[in-house]
Structures are given as structure tokens and as C-alpha cells.
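Which chain is which? The protein sequence lines are A and B, in order. Letter by letter, the first sequence follows residues 1246 to 1373 of the working numbering. Letter by letter, the second sequence follows residues 197 to 395 of the working numbering. Every residue gets a Cβ at the ideal spot worked out from N, C-alpha and C, and that includes glycine. Every value quoted in this text rests on a predicted model; they were computed, and no experiment measured them. The next block holds one structure in the form of C-alpha cells; read it before the comments.
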Amino acid sequence: MAITSAANSSGTSPMDKWEVQLRKGCLELAIFGCLWPGKLYGLEILRRLESDSNLVLSAGTVYPLLARLKAEGLLESEWVEAEVGHPRKYYRLTPAGRRRASEMARMWARFSATLEDLLSPLLKASVK
Amino acid sequence: MTTTVGLDPKVESYLAGVRAALRGMPKHEIEDILRELRSHVVDLTGKEGSGVEAALQSLGDPVELAKTYRAENQMVRAECSGSPLIILQGLRHASRSRLGRVAATALYAFGYINVLTLWAAAIDKLFAPSRVGLWYTPGDIWSFTLVRNGNQPAGGRELLGWWLVPATLVLGWGLRYATDRLAQWWIRRYRHRKELQEA
């Protein structure tokens, strides 16, 4: 699976690796976040991930993942004929997908709030 | 689709490679995947002005891409399917090593052989009631004769009578359920571990 951060796409240091792992772990949630407001097609999802979450993914990573989420019943898709003349496959969250997305977002919020409390002394110290 | 991309030999060759490596998946799913990949290339080359090669590069190696699709697709389908063939296909991907795949498949097949044996006993009982049964021989081990070979244990006593039919049917269903759930648990466990390792 190819995934890099926009800031550090070629690094291989432990910090780079950790950052890639962290981002990758959030990938499903980030895709749910992209699709929460409405339907998008694959390339739009890729570009939204790049612009809004700094996740730079290869298309070869995101399309099989979308197919898997669809097979799990979390996404549904439809082909829409674009104005320029070629069809695009749009994805949207199913009710089960929306439930999963909400649960994951709540879990993420709890986790990050706890971690923030834990890390605030560390961050203050590193600023000094 | 635009004519340019539709006829571009590099795109067609790439998609042919993906199609060949997806062989075995349902045809409509293969067509859906190829249509989406083509649409992606059209968007990149048209809307975003990328070159065909850069667009194909973003998808990666066609065989590797197809492998990812196949493995994900077959394992997810196997996790929620009641079809032994689909579960078996999922099991083929659910191990890192070849030995693990063979062992998991063999175990699954062993479960189903027992299921079929139990059901065969239920059917056989209808045609050869005196020769199929659960025989008990005092001082000996329990003997479960399933075939019409007439080798009932000497001095043995048949315990179940016609109850053998519902008993083996129910036991067969139970064993099938357990075999399927065990295989699906294995697939789910492997997939989640893989996701964690890749994360």
C-alpha cells in the first residue's frame, strides 16, 4: 500500500515511518470524512484527502480500499454520466457507513482529547 | 470515455493486464473495476492534463493492483457468505505462507468431509435401515457404521433407530456452521492483522 505524507514523501527515518503509520491508520476515517457531506468519485476523494488531510495516496491504494468498504456495506456506488461525456463512479456512505463513521469520529475525538491532556506538558516543555 | 484514451494502446494493455489478473472474480465486478480505472485515467489525462504514463503509474503495477482487489474482495465476501466455495476462495488469501494457506484449506475441507459423511448417513439410513446406525458393542468402542457394508459389530446393539436421520442431519448442520464460522473467524483475524501491520 503506497502512502506518504505531503511534507515528507521520500523520508525513511523512524519519524517518517511513524508519521506514515499514523496517517495510514486514519485512512478509513478520513475517507468517511470526505464522503460525509455527500457523494464523490474516486479522484475527487484522492484530491480531497490531499487538500484537507495532507494524505497523499496512490490511486492504486484508494480504489481497492473503496471497493472493500463497498463490499463491507459501508459505501454504495452509482455510475453517473459526466457532462464531458464519460461516466464516473460516485461513492456515498450507506446508513451502516454513517453509523461506523460516527462511532470512529467519536472514538477519535475521545482518544485525541486524552492524548492532548497527556502531551500538553511535553509540548509546553518543547516550546521552551 | 474519450476516444484518445479508449484507443491508447498503453491504457488498453494496462487494463488487459488487470483483467487477466482478476480472472476468477465475478464478471460484472471485473467490468466495474476496469470501467472505474479507465474513468480515472480519462480524468487524469483530460481534466488534470497528466500524461497517460503518469496516470497509469499512479495505479501501480497491474498485477499487484489486481491482487489487492482480488484478496480484499474475496476475503470480505467470504466473511459474510454462506457459500462454501466463496469461503474457500477467501481462505486461499488468508495466510502469509503457502503452508498456512494449505493447512487452513485442508482443515476446512476436513470439516466438510465430516459434514457430508453425516448427511450421507442420513440418506443411506433411508435405503438400508438395518445396515446404518450407531452401534454399541459392550466392552468395545462405539462404532458408527455409515455405509451399506453389512459389517455390523458382532453382538452390537443399534442405539438410535430412525432417530439417526434427524440426529445426523442436525449434527451435520451444526458442524457445517462451526466449520464456516471458524474459517470466517480465521479470515477476519488475518485481514485485521494485515491491516494493522500495514497501518
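By the rule that beta-carbons nearer than 8 angstroms mark a contact, A:Tyr1308 touches chain B. Straight-line spacing of the CA atoms in B:Ala216 and A:Gly1270 works out to 31 angstroms. The three-state secondary structure of A:Pro1332, taken from DSSP, is strand.
B:Glu232 reaches chain A at Gly1287, Tyr1308, Lys1334, counting residues in chain order whose Cβ is nearer than 7 angstroms. Between B:Ala379 and B:Leu255, the CB-CB gap reaches or exceeds 8 angstroms.
A contact is defined here as three or more CB-CB pairs under 8 angstroms, and the segment 1307–1326 of chain A meets this definition with respect to the segment 254–273 of chain B.
Under the three-state reduction of DSSP, A:Leu1294 is assigned to helix. For the C-beta of B:Tyr373, not a single chain A residue is nearer than 8 angstroms; the gap to the nearest is close to 22 angstroms. Rounded to whole angstroms, the gap between the alpha carbons of B:Gly329 and B:Leu365 is 13 angstroms.
About 5 angstroms separates the CB atoms of A:Tyr1335 and A:Val1325; that is less than 8 angstroms, so the two are in contact. Contact note: A:Arg1313 reaches chain B through Glu268, Asn269, Val272, using a C-beta cutoff of 8 angstroms and chain order. Where B:Ser277 is concerned, there is no enclosing alpha helix (DSSP H), because DSSP gives it neither an H nor an E. An exposed status is given to A:Ala1370, since fewer than 16 other beta-carbon atoms sit within 10 Å of its beta-carbon. Closest in C-alpha terms to A:Tyr1308, from the list B:Glu232, B:Leu284, B:Gly370, B:Asp204, comes B:Glu232.
Annotation: the continuous beta strand (DSSP E) that includes A:Trp1324 extends over 1320–1326. A residue is called buried when at least 16 other Cβ atoms come within 10 angstroms of its Cβ; A:Ser1365 does not meet this threshold and is exposed. DSSP, read as helix, strand or coil, puts B:Val328 in coil. Among the residues of chain B, those whose CB is under 7 angstroms from the CB of A:Ala1304 are His236, Ser254, Leu255, following chain order.
Three or more pairs of CB atoms, one per stretch, sit closer than 8 angstroms, so the segment 306–322 of chain B contacts the segment 365–376 of chain B. Around the beta-carbon of A:Thr1359, fewer than 16 other beta-carbon atoms lie within 10 Å, marking it exposed.
Under the three-state reduction of DSSP, B:Leu355 is assigned to coil, being neither helix nor strand.
Using a CB distance cut-off of 8 angstroms, B:Tyr265 counts as an interface residue toward chain A.
Here B:Leu255 carries a coil assignment [DSSP, helix/strand/coil].
Around the beta-carbon of B:Trp381, fewer than 16 other beta-carbon atoms lie within 10 Å, marking it exposed.
Within chain B, the residues whose beta carbon sits less than 7 angstroms from that of A:Glu1317 are Val272, listed in sequence order.
A distance of 8 angstroms or more separates the beta carbons of B:Leu252 and B:Tyr308.
Closer than 8 angstroms to the CB of B:Leu360 there is not a single CB belonging to chain A. The beta carbon of B:Asp239 falls within 8 angstroms of a beta carbon belonging to chain A, placing the residue at that interface.
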